[in-house]
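Heads up, the sequence shown is in my numbering, so the first residue is 221 and it goes up one at a time. A virtual CB, placed ideally from N, CA and C, is assigned to each residue, including glycine. Notes to accompany the following structure.
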Amino acid sequence: MIAKELARGLPSVGMLVANHPVFTRTLQHAFATPFFRVYSTLTPEATEGSSRQGGQEKSRAWTIESVEKISAYKHVVAIAAGVLDGLNAGVNAKSALLARGMAEMGIHHLDDVVVDIVGVGDLTTSCFSPAGRNRALGEALGRGVSLKEHLASADSFIEGVDTVKILCHMEELGIRPGLSWRNPCLPQPKERPTVPRDVIELGPHTRDRMPIAAAVYDVLFHKVDPVKAIEQLMRRPLREYAFDGSEKADERWWGAAEALEETAEDEA
């Protein structure tokens, strides 16, 4: 969502996710205006005890955490989209980025969120709007401007810089955040995992699970040339499209392919 357009009264929509029915409904009506339509949904905790809530299956209910993570991840993809704009990489490249960016956003079983307003809607806006701060940063990087130079001239905070670092570090260390870290009403873990702030070298696991985020991380913090980062993404090993995003699916496919090759050799 572009805040300046909302302030001008241009038609916009938003999503509200909360864990209390009355609170959710109250906020939905409080924020809604003739030009701002607010959709709302309840978390699994709020729908517990009923098979459906407002026509929505409980198993498909969103968590606050999933919406927060998708909203944060889109900043990273927007930086990558800006890099493509700065390099004049073309529409095909940008369309592919959005498609694979959505797939990468859904690796933590957030697929239902990805295909809705807070996913594809917000992602498209961030990647194409000239007013997008993260996209503008990426475009500057694509044109040869350094991160330090752009941040020095920026008139507002650019969320994606810190976001990509935190997301990649969390994946690298296997940290999975939970709602209990933020909600004092829920049981608190004995120890809160610490996400390092210093730049690190990302390993194969993170690069395999989050290739776009890892590429943005390299460009921002390891000063990898954007063109080289794109080349590395395009040269990754070819695989079958795995609808569940798992490595196991890839292994099954390659195993079947090898078996067919062996059969053909035997018949020959």
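Could you tell me the boundaries of the beta strand (DSSP E) in which T261 lies?
F256 to L262
For the 8 Å Cβ check, are there 3 or more pairs between the region 338-358 and the region 296-305?
yes
By Cβ distance below 8 Å, which residues in the same chain neighbour I284 in space, the five residues on each side in sequence not counted?
V237, A238, N239, T263 and L399
Per DSSP, V233 is paired with what?
R257
So does the region 367-386 actually touch the region 316-328, counting three or more Cβ pairs closer than 8 Å?
no
Straight-line Cα distance separating T244 from Y437
36 Å
With DSSP as the reference, label G398 as helix, strand or coil.
In this prediction, G398 scores a pLDDT of 45, lower than 50, which makes its location untrustworthy; no coordinate-derived value is stated.
A292 - DSSP class collapsed to helix/strand/coil:
helix
Could you tell me the alpha carbon to alpha carbon distance between P446 and K385, rounded to whole angstroms?
17 Å
Which one or two residues does DSSP pair with A238 in a beta bridge?
L262
Sort H370, V242, L317 and A227 by Cα distance to A435 and report the nearest one.
L317
Can you tell me where the alpha helix (DSSP H) with K368 in it begins and where it stops?
L367 to S373
Using alpha carbons as the reference points, say which of H249, W282 and M322 lies closest to V296.
M322
Near A351, what residues of its chain come up, given a Cβ to Cβ distance below 7 Å and the 5 sequence neighbours on each side ignored?
I222 and K224
Along the alpha helix (DSSP H) that carries E392, what are the first and last residues, could you check?
E379 to L393
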